[in-house]
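Heads up, this note's numbering is the position in the sequence shown plus 63, with the first residue counted as 1.
In this text, a Cβ means the ideal position worked out from N, Cα and C, and glycines have one as well.
Okay, so here's the structure we're looking at.
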Amino acid sequence: MAIEVITFGCRLNTAESEVMRRKAVEAGLTEAVLVNTCAVTGEAVRQAKQAIRRARRANPDARIVVTGCAAQTSPELFAGMEEVDLVVGNADKLSEAAYQAIPDFGVSAEEKTRVNDIMSVRETALHLVDGFEGRTRAFVQVQNGCDHRCTFCIIPFGRGNSRSVPMGDVVAQVRRLVENGYAEVVLTGVDLTSYGDDLPGNPRLGRLTRSILKEVPELSRLRISSIDSIEADPDLMAAIAEEERLMPHMHLSLQHGDDLILKRMKRRHLRADAIRFCDEARRLRPDMVFGADIIAGFPTETEDMFRNSLAIVDDCGLTHLHVFPYSPRPGTPAARMPQVLRAEIKNRASRLREKGDAAFRAHLEAEVGRRHSVLVEKDGLGRTEQFTLTEIDRGKPGEIVSAVVAGHTDRALISKAA
């Protein structure tokens, strides 16, 4: 079998998985399954364990290597699984050495584990890749780690402190991907808007964005993944207003719509800040659309507080909602706060998803009759500039096609090539 990579979680993991595949090949692995885990929720960890068991049943002779944020924060959980041959920490998963000399079957959990102190990592090196298997858009890691300590979040302990890739390296990687035929590139990171704090001259995300677009004029589309809107710098706002090749879709790390809960989460924005950012970005770019992460059932959340999260969907004009039922992560301050009943968390998450579904349907309806440039992802499906999924009647994967929206289903637009 070829090396199989199973990826959970964020776009940063997607970018890293391609590097992992290449490094495992360079290390001489020929029959292996690499599982790149996520630690954002308990459900993500559970799904990773299920995938590992399925992988072993499907590939009884393969070496199974588990890495990623959940492996970093809970290595013993995976090392204790008989299906797992090796557990590698986030600091080492992008190195060839991590995939060499995998222990023999039947060794102890301690011998399986290669997880170092993530907080000791001070730099993030750019790993050049030529492409992403099975994908029509490319991902470039420009930042890793996080210096903030939101009370619900385990990710800094999986990723370490914030560190940035030098601008010149990022530009070179984008140019390389464009030369290999990619029309769209996505900038990824754990806390993208902290980009540059650790670099000489402290270049911000906006400056990086504008440099990429200036230095790689052949790039058709640049997309930014999840951002913390309170850190949006003036250059980023100028890029939103002036750079047509910067796609008009941003995913916001909102997390909640109530000010007291935001303070208890140790977030750095209030609901008014989020609304102000969305209003300003939409004023600068009228076709801008927003996605957002929102947690339902955070500890101490009352019904009135929850209603503020429902209301912020309309107040910010959100169209792409990622709803997370709160799950306590061991070792975080929120896990020690008074918890909301699980049944109520489930109920609120369901109501929030319904609200998000309604907002998304309204977005689909508003798009009917409009012309878009669609990046075809596979035969018959693509994404508009706003990252809205659309059925399309023409175009090859990787091709950008001009199309007019003729209608929609509940989950996607229906577009006709123009």
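Endpoints, the beta strand (DSSP E) within which residue i is located
{"i": "Ile463", "result": "463-471"}
{"i": "Leu315", "result": "312-318"}
{"i": "Phe141", "result": "Counting along the chain, Phe141 falls outside any beta strand (DSSP E), though it belongs to the alpha helix (DSSP H) covering 138-142."}
{"i": "Ser292", "result": "Here Ser292 belongs to no beta strand (DSSP E), and DSSP marks it neither H nor E."}
{"i": "Ser478", "result": "476-480"}
Collapsed DSSP secondary structure at residue i in the structure displayed
{"i": "Arg426", "result": "Contrary to the premise, residue 426 reads as His rather than Arg in this sequence. The answer is helix: DSSP assigns His426 an H, G or I state."}
{"i": "Leu373", "result": "helix"}
{"i": "Ser436", "result": "strand"}
{"i": "Ser80", "result": "helix"}
{"i": "Asp342", "result": "helix"}
{"i": "Phe387", "result": "strand"}
{"i": "Thr256", "result": "helix"}
{"i": "Lys156", "result": "coil"}
{"i": "Ser227", "result": "strand"}
{"i": "Gln204", "result": "strand"}
{"i": "Leu262", "result": "coil"}
Pairwise C-alpha distance: residue j and residue i
{"i": "Gly131", "j": "Ala90", "result": "19 Å"}
{"i": "Ile66", "j": "Tyr389", "result": "34 Å"}
{"i": "Leu323", "j": "Thr256", "result": "24 Å"}
{"i": "Glu440", "j": "Leu476", "result": "14 Å"}
{"i": "Leu399", "j": "Leu309", "result": "Looking at the sequence shown, residue 399 is not Leu but Arg. One C-alpha to the other measures close to 41 Å."}
{"i": "Leu282", "j": "Tyr245", "result": "8 Å"}
{"i": "Asp261", "j": "Met182", "result": "15 Å"}
{"i": "Arg74", "j": "Phe202", "result": "7 Å"}
{"i": "Met83", "j": "Ala397", "result": "33 Å"}
{"i": "Asn122", "j": "Leu325", "result": "45 Å"}
{"i": "Glu498", "j": "Phe215", "result": "As shown, the chain starts at 64 and ends at 481. That puts residue 498 outside it, with no answer to give."}
{"i": "Met368", "j": "Arg116", "result": "40 Å"}
{"i": "Ala102", "j": "Glu139", "result": "14 Å"}
{"i": "Phe195", "j": "Val88", "result": "15 Å"}
{"i": "Ala304", "j": "Ala421", "result": "28 Å"}
The alpha helix (DSSP H) enclosing residue i, as first and last residue numbers
{"i": "Pro396", "result": "Counting along the chain, Pro396 falls outside any alpha helix (DSSP H), and DSSP gives it neither H nor E."}
{"i": "Lys326", "result": "322-328"}
{"i": "Val108", "result": "105-121"}
{"i": "Phe220", "result": "218-222"}
With 16 other Cβ atoms within 10 Å as the buried cut-off, status of residue i
{"i": "Val98", "result": "buried"}
{"i": "Leu404", "result": "exposed"}
{"i": "Gln206", "result": "buried"}
{"i": "Asp456", "result": "exposed"}
{"i": "Lys277", "result": "exposed"}
{"i": "Arg327", "result": "buried"}
{"i": "Ser413", "result": "exposed"}
{"i": "Val467", "result": "exposed"}
{"i": "Ser80", "result": "buried"}
{"i": "Ala154", "result": "buried"}
{"i": "Thr365", "result": "exposed"}
{"i": "Val431", "result": "exposed"}
{"i": "Asn265", "result": "exposed"}
{"i": "Glu307", "result": "exposed"}
Contact test: residue i Cβ vs the ligand MG heavy atom, cutoff 6 Å
{"i": "His426", "result": "Here there are no bound small molecules, and the ligand MG is not part of this structure."}
*Examine the Cβ distances between the segment 424-439 and the segment 365-377 and report whether three or more of them are shorter than 8 Å.*
no
*Is the segment 348-365 close to the segment 306-323, with three or more CB pairs under 8 Å?*
yes
*Counting pairs of beta carbons, one from the segment 209-218 and one from the segment 230-247, are three or more of them closer than 8 Å?*
Flag = no, the segment 209-218 and the segment 230-247 do not touch.
_Validate contact between the segment 336-356 and the segment 377-387 using beta carbons, cut 8 Å, 3 pairs_ = yes
*Is the segment 328-343 in contact with the segment 293-302, if contact means three or more CB pairs nearer than 8 Å?*
yes
*Would you check if the segment 121-130 and the segment 144-153 touch, i.e. whether three or more CB-CB distances between them fall below 8 Å?*
yes
*Okay, do the segment 136-147 and the segment 174-185 touch, 3+ Cβ pairs below 8 Å being the bar?*
Between the segment 136-147 and the segment 174-185, the count of Cβ pairs shorter than 8 Å is three or higher; the stretches touch.
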